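See below for the structure under consideration.
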Amino acid sequence: MQRITKKYYFSLIQKVDNYDCLHINPQSLDKYLVNQQILKQKLEHILQDSTNKNLNAIWLRLDKHQLNLSQLISDLGFQMHHCTQEYLLFSLWLQKEPSRLPNYASHKIILQYYLINTKNQVFLIDDQMPVQDVDDSSLIPMMAQKYFKCYHDINVQPHYICDLTQSENSNIMITVKCSLSGQEENQKNFVNKTIQGMDQRFEINSFDKYIIYKKCQ
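And the structure:
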């Protein structure tokens, strides 16, 4: 949810996000494709206004048909952040301190977890684990512990990444191996049960509302 609604001053549609960064709507640039001098003046006003308001940065996107404006944007101090087949995105950091703008993410990293007990049985909370996005690998163990405690009130100890796969859309799925903590162990509650349609590499068992996987030898 945006902190400030759209503004139309300087005839360029803008909005400020929750990080105090100004976003200029690319559609409002179309009217200046043939008169770049006027656009330059308006952008200079916006730069000054944003600085006076102590905003952190300005984001400006050029769609494919607007790429003739890229030289003007660069001359005003904007830097190319990233490009795709559809657009070129510029950014301008306004603060004196080093930029805190995020780098462009080419992949989405999705986490899933499984748990083992002392019998080396794999204890998976459900067959459709909710996915989570992560931008810092050091947070993965913390996210695993938080997920199990928050959603299932189970204490776990993350160990290592046991599987990594890449899908056709470049998303990366990471599977993290975890173990149940000592107070959560209760071996007698594990009973055998076959579940159809699951990965045949695992022997499927059940534990009340949970699903348990034991790796086949």
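Reminder that position 158 of the sequence shown reads as 158 in full-length UniProt numbering, one-by-one numbering, no gaps. Beta carbons are placed, not taken as given, at the ideal position from N, Cα and C, and that holds for glycine. Small disclaimer: the values here were computed from a predicted structure and weren't measured.
Over what stretch of residues does the beta strand (DSSP E) that includes residue i continue unbroken?
{"i": "Leu43", "result": "Taken as a continuous stretch (DSSP letters only), Leu43 belongs to no beta strand (DSSP E), being part of the alpha helix (DSSP H) at 36–52."}
{"i": "Leu22", "result": "21–24"}
{"i": "His81", "result": "79–83"}
{"i": "Ser28", "result": "Counting along the chain, Ser28 falls outside any beta strand (DSSP E), and DSSP gives it neither H nor E."}
{"i": "Lys15", "result": "14–16"}
{"i": "Leu89", "result": "87–93"}
{"i": "Arg61", "result": "57–63"}
Are the Cβ atoms of residue i and residue j separated by less than 8 Å?
{"i": "Tyr19", "j": "Asn56", "result": "yes"}
{"i": "Gln36", "j": "Leu88", "result": "no"}
{"i": "Ser179", "j": "Asn155", "result": "no"}
{"i": "Lys42", "j": "Leu12", "result": "yes"}
{"i": "His81", "j": "Ser91", "result": "yes"}
{"i": "Phe78", "j": "Leu67", "result": "no"}
{"i": "residue 218", "j": "Glu86", "result": "The structure shown does not extend to residue 218, since the chain is modelled only from 1 to 217, so the question has no answer here."}
{"i": "Ile24", "j": "Tyr32", "result": "no"}
Which residue comes first and which comes last in the alpha helix (DSSP H) that contains residue i?
{"i": "Ile73", "result": "70–75"}
Closest by CA to residue i, which one among the options?
{"i": "Ser99", "options": "Ile58, Gln66, Gln145", "result": "Ile58"}
{"i": "Leu115", "options": "Glu97, Tyr147, Ile172", "result": "Tyr147"}
{"i": "Leu94", "options": "Leu22, Gln145, Leu29, Leu33", "result": "Leu22"}
{"i": "Thr84", "options": "Cys150, Leu62, Gln14", "result": "Leu62"}
{"i": "Lys96", "options": "Ile140, Thr175, Thr51", "result": "Thr51"}
{"i": "Lys40", "options": "Thr175, Asn25, Leu76, Ile172", "result": "Leu76"}
{"i": "Ile140", "options": "Pro158, Leu101, Lys149, Cys150", "result": "Pro158"}
{"i": "Leu72", "options": "Val34, Asp49, Pro102", "result": "Val34"}
{"i": "Asp49", "options": "Tyr113, Ile172, Pro102, Gln14", "result": "Gln14"}
{"i": "Ile46", "options": "Pro102, Val16, Met142", "result": "Val16"}
{"i": "Lys177", "options": "Tyr151, Met143, Asp153, Cys150", "result": "Met143"}
{"i": "Thr175", "options": "Tyr113, Pro102, Ser28", "result": "Tyr113"}
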